[in-house]
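Enquirer:
Protein chains: 2
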Amino acid sequence: MKDLEFASPKEVRNSFKEEVIVKPTAGMARGYAQANLIVLPEELAFEFMLFAYRNPKPCPLLDVLEAGQFEPFMSTPGADIRTDLPKYRIYENGKVKEEVTNIKEYWRDDLVSFLLGCSFTFEDALLKADIPIRHIEENKNVPMFKTNIETNEAGRFSGPLVVTMRPLESSLISKAVQISGEYEEVHGAPVHIGNPEEIGISDINNPDFGDAVKVKENEIPVFWACGVTPQAAIMRSKLPFVITHSPGYMFITDIKNEDLSNY
Amino acid sequence: MKDLEFASPKEVRNSFKEEVIVKPTAGMARGYAQANLIVLPEELAFEFMLFAYRNPKPCPLLDVLEAGQFEPFMSTPGADIRTDLPKYRIYENGKVKEEVTNIKEYWRDDLVSFLLGCSFTFEDALLKADIPIRHIEENKNVPMFKTNIETNEAGRFSGPLVVTMRPLESSLISKAVQISGEYEEVHGAPVHIGNPEEIGISDINNPDFGDAVKVKENEIPVFWACGVTPQAAIMRSKLPFVITHSPGYMFITDIKNEDLSNY
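These protein sequence lines are chains A and B, in that order. Mapping to this note's numbering: the first sequence position 102 is 95, numbers consecutive. Mapping to this note's numbering: the second sequence position 213 is 206, numbers consecutive.
1) Locate the beta strand (DSSP E) running through Lys168(A), then write down its first and last residues.
2) Is Phe115(B) near Leu54(B), with beta carbons less than 8 Å apart?
3) What separation, rounded to the nearest whole angstrom, lies between the Cα atoms of Met243(B) and Pro160(A)?
4) For chain C, is any of its Cβ atoms less than 8 Å away from the one on Leu54(A)?
5) Consult DSSP for Leu253(B) and reduce its assignment to one of helix, strand or coil.
6) Just checking: is the beta-carbon of Glu131(A) within a distance shorter than 8 Å of some beta-carbon in chain B?
7) So for Glu212(B), helix, strand or coil by DSSP?
8) Which chain A residues sit within Cβ distance under 8 Å of Leu43(B)?
9) Any beta carbon of chain A sitting closer than 8 Å to that of Ala38(B)?
10) Exposed or buried, which one is Leu48(A) when buried takes at least 16 other CB atoms within 10 Å?
11) I'd like the list of long-range same chain contacts for Leu(-3)(B), defined as Cβ closer than 6 Å, with 5 residues on each side in sequence excluded.
12) Under a Cβ-count criterion, where at least 16 other Cβ atoms within 10 Å of its own Cβ denotes burial, should Asn145(A) be classed as buried or exposed?
13) Taking just the CA atoms, how far does Ala60(B) sit from Glu12(B)?
14) Can you tell me whether Met314(A) is helix, strand or coil according to DSSP?
15) Apart from the five residues on each side of it in sequence, which residues of its chain come closer than 8 Å, Cβ to Cβ, to Glu92(A)?
16) Enumerate, from N- to C-terminal direction, the unbroken alpha helix (DSSP H) stretches of 4 or more residues contained entirely within the region 50 to 76 of chain A.
17) Here's a check: name, in chain order, each residue in its chain whose Cβ is nearer than 7 Å to the Cβ of Arg23(A), leaving out the five neighbours to either side.
18) Quick check: what's the CA-CA separation for Met67(B) versus Glu210(A)?
19) Which residue marks the beginning of the alpha helix (DSSP H) containing Ala45(A), and which one marks its end?
20) So, helix, strand or coil for Gly20(B), using DSSP?
21) Can you tell me whether Gln224(A) is buried or exposed, with buried defined as 16 or more other CB within 10 angstroms of its CB?
22) Threshold first: 4 residues or longer. Then list the alpha helix (DSSP H) segments lying entirely within the region 108 to 135 of chain A, N to C.
23) Please state whether DSSP places Asn141(B) in a helix, a strand or coil.
24) CA-CA distance, Gly241(B) and Lys231(A)?
25) Between Glu85(A) and chain B, is there a C-beta pair that is closer than 8 Å?
26) Would you call Glu251(A) buried or exposed, if buried means 16 or more other Cβ atoms sit within 10 Å of its Cβ?
27) For Leu154(B) and Phe202(A), what's the separation of their Cα atoms in angstroms?
28) When we look at the beta-carbon of Arg75(B) and count the other beta-carbons within 10 Å, is it buried (16 or more) or exposed?
29) Counting Cβ pairs closer than 8 Å, one from the region 184 to 195 of chain B and one from the region 130 to 144 of chain B, do we hit at least three?
30) Assuming Cys111(B) contacts Val179(B) under a Cβ cut-off of 8 Å, what Cβ separation, rounded to an integer in Å, is found between them?
31) Using the three-state DSSP reduction, which class does Ala218(B) fall into: helix, strand or coil?
32) So the beta strand (DSSP E) Val93(B) belongs to, where does it begin and stop?
33) Where does Val15(A) fall in DSSP's three states?
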């Protein structure tokens, strides 16, 4: 992964477009915002946008395309959301039908695409402040968990809040809260710090999405809202057809991280 | 109007529901946020929400209801947007067909309602800082103008930015900018200060909506983004059927002004 750490967003997207690399994107194209992708039929678009509006912490909108459009011309002109992510999920009736490396054969003129902020965005700022990120150290996907916290429902969308987890030493937690808190458009400050059971997570070593990472004796798990939350709603609602990114395999935008901070 | 200045939002809404008062709402229920209303068929709801998302300055979302709902249960539980505003506009094919004091006979199960922030909200803070508001002094509706600034289009929605105008003495402008700037969810800081012609306003005494107010020799016109902007887009796009509030005749929410400030 190291070879893409300082690559430009376009270089990284091109390596996905050519399908030469299929990897989780944490740590890639440092300094540029990463995004979750949700693609659904226009008939569901208002309800989903309302779901995002009512749940801004897990679902901050970075860009929204009109029906049939696949170039996110406001955030990332020239890109193609059908090919420029490393891995996609095709959901049918709330179940993952398959994972694919492009969605060209699934594309339809009535599909509406949403890009939501991703916490990978503020990881660069955490690293700069000497706060280590375990899943990057271990070259793994970030661990993600469904919680017992319910989102605000909208139309056919309802489901549990999904969170990412990063284990931190006690002395670093305050700094991590303050730094991530400055990035409201990419989930902001943590939603929970400490006891996983309080938010319905029974086994910290068994995430619902992504990989398990080592939590050391002297570390506390810290949880941030996650843009995979819509996928939990898609599963529960058994919607007939939705395309998403594969958790951890994000779209890398041309938006600079600092443009999403409150500084 | 003075008798409603210190009335509760519910009292003011009830006086509109009973249709005993039909007046512009500036200065009423001081301390509570006022809102613009847009009601349109579900088929247009995603495109309109996208228009609002792409134009947050004139179209800050305060609440969005699902198709058929008329109680804004998140912002103002118990209220009824079909009856609780003093005056509504029925648009057909981009033209005002009529103005009515309730929309019960127009209501349909496929209608989606949006509440957008209104600059009347921060007028209370301006008054508290001893910044006089001319249209309140003159007991008139606020003057509103179409400008030559284009909004970002979305689907069938495109049109000019509409602004409100408040004349201020030079010594007060900086304070007014700073105070209103703290209220981002209700249009925030001015979009233009001074020369009206630069934004396409040829006659400051002839507003496109609302009433003309006196601009004194020693005063400068100050312009804020206005939630009537969608009505200009409805006019241009000639949409078949849309309901709005009548400009200046707002919905008064139960949201306290301070909950919309950045303080």
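Yeah, the Cβ is synthetic: ideal placement off N, Cα and C, and Gly gets one too. As the structure is a computational prediction, the values presented were derived from the model and not from experiment.
Expert: Straight from the coordinates:
1) Counting from 1 along the first sequence, the entry for residue 168(A) is found at position 175. Unbroken run through Lys168(A) is the alpha helix (DSSP H), Ser163 to Gly174; no beta strand (DSSP E).
2) Residue numbering aside, residue 115(B) sits at position 122 when the second sequence is read from its first letter. Residue numbering aside, residue 54(B) sits at position 61 when the second sequence is read from its first letter. No; because the gap between Cβ atoms is not below 8 Å, this pair is not in contact.
3) As a first step, residue 243(B) must be located in the second sequence, where it is residue number 250. As a first step, residue 160(A) must be located in the first sequence, where it is residue number 167. Their backbone Cα atoms lie some 49 Å apart in a straight line.
4) In the structure shown, chain C does not exist; the protein chains are A and B.
5) Translated into positions along the second sequence, residue 253(B) becomes position 260. In this structure, Leu253(B) counts as helix in the three-state DSSP scheme.
6) By one-based count along the first sequence, residue 131(A) stands at place 138. Taking Cβ atoms only, chain B never reaches closer than 8 Å to Glu131(A), which makes this a no.
7) Within the second sequence, numbered from 1, the residue matching residue 212(B) stands at position 219. Reduced to three states, the DSSP call for Glu212(B) is strand.
8) For the purposes of this step, residue 43(B) is identified with residue 50 of the second sequence, where counting begins at 1. Within 8 Å Cβ-Cβ: Met42, Val57 and Glu59.
9) For the purposes of this step, residue 38(B) is taken as the residue at position 45 of the second sequence. True, the Cβ-Cβ gap to chain A drops below 8 Å.
10) One-based indexing of the first sequence puts residue 48(A) at position 55. First, the residue type needs correcting, since residue 48(A) is Asn and not Leu in the sequence shown. Buried, because 16 or more other Cβ atoms sit within 10 Å of the Cβ of Asn48(A).
11) Taking the first residue of the second sequence as 1, we reach residue -3(B) at position 4. Cβ neighbours of Leu(-3)(B) beyond the five flanking positions: Val5 and Met21.
12) Position 152 of the first sequence, counted from the start, is the residue given in the question as residue 145(A). With fewer than 16 other Cβ atoms within 10 Å, it is exposed.
13) The residue labelled residue 12(B) in the question sits at position 19 within the second sequence. The residue labelled residue 60(B) in the question sits at position 67 within the second sequence. If you take the alpha carbons of Glu12(B) and Ala60(B), they lie about 26 Å apart.
14) There is simply no residue 314(A) to check, as chain A begins at -6 and stops at 256 in what is shown.
15) Position 99 of the first sequence, counted from the first residue, corresponds to residue 92(A). Hits under 8 Å: Lys80, Tyr81, Arg82, Ile83 and Ser239.
16) none
17) As a working note, residue 23(A) is residue 30 in the first sequence. Around Arg23(A): Glu(-2), Phe(-1) and Asp117.
18) By 1-based counting over the second sequence, the position of residue 67(B) is 74. By 1-based counting over the first sequence, the position of residue 210(A) is 217. Met67(B) and Glu210(A): Cα-Cα distance of roughly 43 Å.
19) Within the first sequence, the letter at position 52 stands for residue 45(A). It spans Glu35 to Arg47 - the alpha helix (DSSP H) in which Ala45(A) sits, taken as one unbroken run.
20) Here residue 20(B) refers to the residue found at position 27 when the second sequence is read from its first residue. In this structure, Gly20(B) counts as coil in the three-state DSSP scheme.
21) Within the first sequence, residue 224(A) is the residue found at index 231, counting from 1. By the neighbour-count rule (16 or more Cβ atoms within 10 Å), Gln224(A) is buried.
22) 113 to 121 and 127 to 130
23) For the purposes of this step, residue 141(B) is taken as the residue at position 148 of the second sequence. Of the three classes helix, strand and coil, the one that applies to Asn141(B) here is strand, per DSSP.
24) Numbered from 1 along the second sequence, position 248 holds the residue referred to as residue 241(B). Numbered from 1 along the first sequence, position 238 holds the residue referred to as residue 231(A). Roughly 44 Å between the two C-alpha positions.
25) Locating residue 85(A) in the first sequence gives position 92, where the first residue counts as 1. With 8 Å as the cut-off, Glu85(A) does not count as an interface residue toward chain B.
26) Position 258 of the first sequence holds residue 251(A). Per the 10 Å Cβ criterion, exposed.
27) One-based indexing of the second sequence puts residue 154(B) at position 161. One-based indexing of the first sequence puts residue 202(A) at position 209. Answer to the nearest angstrom: the Cα atoms are 44 Å apart.
28) Stepping through the second sequence from its first residue, residue 75(B) is reached at position 82. Flag for Arg75(B) reads buried.
29) yes
30) What you label residue 111(B) is simply residue 118 of the second sequence in a count that begins at 1. What you label residue 179(B) is simply residue 186 of the second sequence in a count that begins at 1. That pair is a contact at about 6 Å.
31) Mapped onto the second sequence, residue 218(B) falls at position 225. Three-state result, Ala218(B): strand.
32) The residue given as residue 93(B) occupies position 100 in the second sequence. From DSSP, the beta strand (DSSP E) with Val93(B) extends over Lys88 to Val93.
33) On the first sequence, residue 15(A) is found 22 positions in, with the first residue counted as 1. DSSP places Val15(A) in coil when its eight states are reduced to three.
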